[in-house]
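Peer 1: Those sequence lines, one after another, are chains R and X. Terminal number for the first sequence in my numbering: 111, no gaps in between. Terminal number for the second sequence in my numbering: 224, no gaps in between. Even glycine gets a Cβ: it sits at the ideal position worked out from N, Cα and C. Have a look at the structure that comes next, please.
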Amino acid sequence: EAGVAQSPRYKIIEKRQSVAFWCNPISGHATLYWYQQILGQGPKLLIQFQNNGVVDDSQLPKDRFSAERLKGVDSTLKIQPAKLEDSAVYLCASSPPDTQYFGPGTRLTVL
Amino acid sequence: KQEVTQIPAALSVPEGENLVLNCSFTDSAIYNLQWFRQDPGKGLTSLLLIQSSQREQTSGRLNASLDKSSGRSTLYIAASQPGDSATYLCAVRVAGGYNKLIFGAGTRLAVHP
């Protein structure tokens, strides 16, 4: 069974630029999550999708972050414009009703 | 608001030692608790999941316990090996949420030969 795929794996941008991350969940998983993990901290949930719909985006900085999940499968997370404090690993996860399966993450560095 | 704390933040031990990692949470209304392993440049791998009604779970050399009333969990690693070197994260699934996980900051473990 293929795991959760993410791309790119690494990205370096300058502040105020835009960036987008892509996630392909495990086939058949209805729920998809985006987490932000700042160095030295645990992952923090940014947004959770159930099929096409958003069920939790309470910690998503909506002035600069946006996410979508088209056709209930792939998802993209966008940051526009980026700030220095957005430097982090962005993890995507998907799940059937219970356990979450994580992708390898995208490491973002904002200079 | 649920908060998860892990102690110690880092640990370095010689190979063969038995060790204990600690996790505490502030709200006992949890659905379950999971221990994850994170290797550099890789995602999280689930090690053990304890339902709120359970007291412990075991997998090979790993044993996790849960005391929901006191808001504590421990991960016991027996006979540690260099391959156990990684960051170990504890996460609670909040009751009533959409499978939302709240993570601790992790314990960074180094096992040296």
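Assuming residue 87 (chain R) is part of the beta strand (DSSP E), what are its boundary residues?
Peer 2: Counting along the chain, residue 87 (chain R) falls outside any beta strand (DSSP E), and DSSP gives it neither H nor E.
Peer 1: Starting from residue 223 (chain X), follow its DSSP beta bridges and name the residues at the other end.
Peer 2: X:125.
Peer 1: Name the chain R residues that come within less than 7 Å of residue 214 (chain X), Cβ to Cβ?
Peer 2: Going along chain R in sequence order, the residues near residue 214 (chain X) (Cβ under 7 Å) are 42, 43.
Peer 1: Would residue 102 (chain R) pass as an interface residue toward chain X - the criterion being a Cβ-Cβ separation below 8 Å?
Peer 2: Output row for residue 102 (chain R): interface = yes.
Peer 1: Going by DSSP in three states, residue 39 (chain R) sits in which element: helix, strand or coil?
Peer 2: Residue 39 (chain R) falls in the coil class under three-state DSSP.
Peer 1: Is the distance from the Cβ of residue 181 (chain X) to the Cβ of residue 175 (chain X) below 8 Å?
Peer 2: Contact flag unset, no.
Peer 1: Any residues in the stretch 75-92 of chain R with a beta carbon nearer than 8 Å to a beta carbon of chain X? Which ones, in chain order?
Peer 2: Of all residues in the stretch 75-92 of chain R, 91 have a Cβ within less than 8 Å of some Cβ in chain X.
Peer 1: For residue 70 (chain R), which of helix, strand or coil comes out of DSSP?
Peer 2: Three-state DSSP puts residue 70 (chain R) in a helix.
Peer 1: What runs of the beta strand (DSSP E), each 3 residues or longer, lie entirely inside the stretch 158-222 of chain X?
Peer 2: Fully enclosed beta strand (DSSP E) runs of 3 or longer: 167-170, 173-178, 183-188, 197-205, 212-214.
Peer 1: Between R:91, R:96, R:29, which has its C-alpha nearest residue 38 (chain R)'s C-alpha?
Peer 2: Closest option to residue 38 (chain R), Cα to Cα, is R:91.
Peer 1: Specify the secondary structure class of residue 100 (chain R) as computed by DSSP and reduced to three states.
Peer 2: Three-state result, residue 100 (chain R): coil.
Peer 1: What does residue 112 (chain X) touch in chain R if you count any residue whose Cβ is under 7 Å from its own?
Peer 2: Those within 7 Å of residue 112 (chain X) in chain R number zero; the least Cβ separation is about 11 Å.
Peer 1: Please classify residue 95 (chain R) as buried or exposed, where buried requires at least 16 neighbouring CB atoms within 10 angstroms.
Peer 2: By the neighbour-count rule (16 or more Cβ atoms within 10 Å), residue 95 (chain R) is buried.
Peer 1: Would you verify that the beta carbon of residue 157 (chain X) is, or is not, closer than 8 Å to some beta carbon of chain R?
Peer 2: Yes - at least one Cβ of chain R is within 8 Å of the one on residue 157 (chain X).
Peer 1: What does residue 17 (chain R) touch in chain X if you count any residue whose Cβ is under 9 Å from its own?
Peer 2: Chain X residues near residue 17 (chain R): none, gap ~23 Å exceeds 9 Å.
Peer 1: Name the chain X residues whose beta carbon is nearer than 8 Å to that of residue 50 (chain R)?
Peer 2: Within 8 Å Cβ-Cβ: 209.
Peer 1: Against chain R, with Cβ distances strictly below 8 Å, would residue 217 (chain X) count as a contact?
Peer 2: Yes, residue 217 (chain X) counts as interfacial toward chain R.
Peer 1: Helix, strand or coil: which one does DSSP assign to residue 16 (chain R)?
Peer 2: The answer is coil: DSSP assigns residue 16 (chain R) none of H, G, I, E or B.
Peer 1: Report yes or no: is there a C-beta of chain X within less than 8 Å of the C-beta of residue 94 (chain R)?
Peer 2: Cβ-Cβ to chain X under 8 Å: no for residue 94 (chain R).
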